[in-house]
Amino acid sequence: MALTTASVNEAFLPEEIGRLVVQPVLAESVATRVATVEHTSAHVFHLPTVTADPAAAWVAEGAEIPPSDAVFAETAVTFSKLAGLTIISRELAEDSSPAAAKVVGDGIARDIARKLDQAFFGSVAAPAPDGLEDLVGVGTVAAGASYTNLDPFLTAVANAETVGAPVSAFVTSPATALTLAKIRTGTGSNQTLLQAGGDPTKPTQRLIAGVPVYVSPAVTAGVVWAIPADRVFVVLRADTRLEVDRSVYFTSDRVAVKASMRVGFGFAHAAAVIKISTT
359 MALTTASVNE
369 AFLPEEIGRL
379 VVQPVLAESV
389 ATRVATVEHT
399 SAHVFHLPTV
409 TADPAAAWVA
419 EGAEIPPSDA
429 VFAETAVTFS
439 KLAGLTIISR
449 ELAEDSSPAA
459 AKVVGDGIAR
469 DIARKLDQAF
479 FGSVAAPAPD
489 GLEDLVGVGT
499 VAAGASYTNL
509 DPFLTAVANA
519 ETVGAPVSAF
529 VTSPATALTL
539 AKIRTGTGSN
549 QTLLQAGGDP
559 TKPTQRLIAG
569 VPVYVSPAVT
579 AGVVWAIPAD
589 RVFVVLRADT
599 RLEVDRSVYF
609 TSDRVAVKAS
619 MRVGFGFAHA
629 AAVIKISTT
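Sequential numbering from 359 applies to the sequence shown in this note's numbering.
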């Protein structure tokens, strides 16, 4: 018997992919919160970059204005497939309540978001795309043997501004975030150097020099990435798929639910990304 829309919960139909897979992945992934997210249907996504601006000049009254050209380059983003698989009971698959659909969608999304962050913040072997640890030409700041003050972060912000980029996020590991949270304003003080976010909807948000601090287990311990969102891209291809198969686990009356999406990373200005690390 062919699989039809009448025999499958509507939550698994293609038009629900955005709610079940794409939106939860964007919410769960740290990479998609600190970078610019683009959607495309192209085979290769091209990021135009300007490597040199047109030159202005002081000109005398009535004199010719010297012409100049901008120097353009581009970053080509190709895509790698990221897929998640979950197995559920037939009863859950046929449950039409929104709660059942959310359980399945959240499970797949968490798996995909975790793998996406591991590739973005680390260096994962092919076919995963190259991540930050693979990026050549990033700025670096040495924090010494351990983090004892916020000077390395102020230096990172200044270094990014030197190449014309505003730092919009710091991202680090849970262990390093805890170390930073324990830095005090002085000996014997209980006041921490990290600023509170000030947003009642985000009571745990922390700031360094006004820049939000994000935490991801995918970041190497001891490393903090200073990221300018307008120079770093996560590109999602438009062919995200969600498939349901009842045949592979026929004898146990279970259903396979598979989600796959094609993702690429684009780093349009490597020098604007700053890696802060301890020795």
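Think of the CB as a built atom: it goes at the ideal place given N, C-alpha and C, for glycine as much as any other residue.
- For the set Ala-518, Val-482 and Ala-486, the Cα lying nearest the Cα of Gly-495 is the one of Ala-518.
- Per DSSP, the unbroken alpha helix (DSSP H) holding Asp-509 starts and ends at 509-520.
- A residue is called buried when at least 16 other Cβ atoms come within 10 angstroms of its Cβ; Arg-620 meets this threshold and is buried.
- Contact between the segment 515-529 and the segment 570-588 is present: three or more C-beta pairs spanning the two stretches fall below 8 Å.
- Per DSSP, Thr-537 lies in no beta strand (DSSP E) segment; the continuous alpha helix (DSSP H) that holds it begins and ends at 532-539.
- Counting every other CB atom within 10 Å of its CB across the protein chains shown gives Ile-566 a total of 16 or more, marking it as buried.
- Counting C-beta atoms within 10 angstroms of its own C-beta, Ile-445 has fewer than 16 neighbours from the protein chains shown and is therefore classed as exposed.
- When rounded, the separation of the alpha-carbon atoms in Ala-486 and Ala-441 is 11 Å.
- Approximately 21 Å separates the beta-carbon atoms of Gly-489 and Ala-501; this is outside 8 Å, ruling out the contact.
- Using a Cβ distance threshold of 7 Å, Ala-576 and Ala-533 do not count as a contacting pair.
- Between the segment 618-636 and the segment 591-605 there are three or more inter-stretch CB-CB distances shorter than 8 Å, so the stretches are counted as touching.
- Beyond the five residues adjoining it in sequence on each side, Arg-564 comes within less than 6 Å, by CB distance, of Leu-552 and Val-571 in the same chain, given in chain order.
- For Arg-564, there is no enclosing alpha helix (DSSP H); the residue is part of the beta strand (DSSP E) that begins and ends at 564-566.
- With 16 or more other CB atoms across the displayed protein chains lying within 10 angstroms of its CB, Ala-535 is buried.
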